[in-house]
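The opening residue of the sequence shown carries number 1446 in the numbering used here; numbering runs sequentially from there.
Have a look at the structure below, then the notes.
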Amino acid sequence: MPRRAGWLVAGVLLAALPTVIVSPYARHVVITALIFAFVALGLNVIFGYAGQHAF
């Protein structure tokens, strides 16, 4: 159960992040970093698990 609680706390903190960051530039940087993280996760799935090595 403590593991699930940790994920819950992380989710709540991520959900509250836009209300904490009031600077438009900082918000832009965080959103851009999250987009790049999602792209990296997608490439990890494509190249790692699926085994596709050519676009």
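Ideal Cβ positions, reconstructed from N, Cα and C, are used throughout, including at glycine.
Alpha-carbon spacing of residue i relative to residue j, whole angstroms
i     : j     : result
W1452 : V1465 : 20 Å
Q1497 : I1491 : 6 Å
V1484 : L1458 : 22 Å
A1478 : Y1494 : 23 Å
I1480 : R1448 : 26 Å
A1471 : A1455 : 20 Å
A1460 : L1488 : 25 Å
V1475 : L1486 : 16 Å
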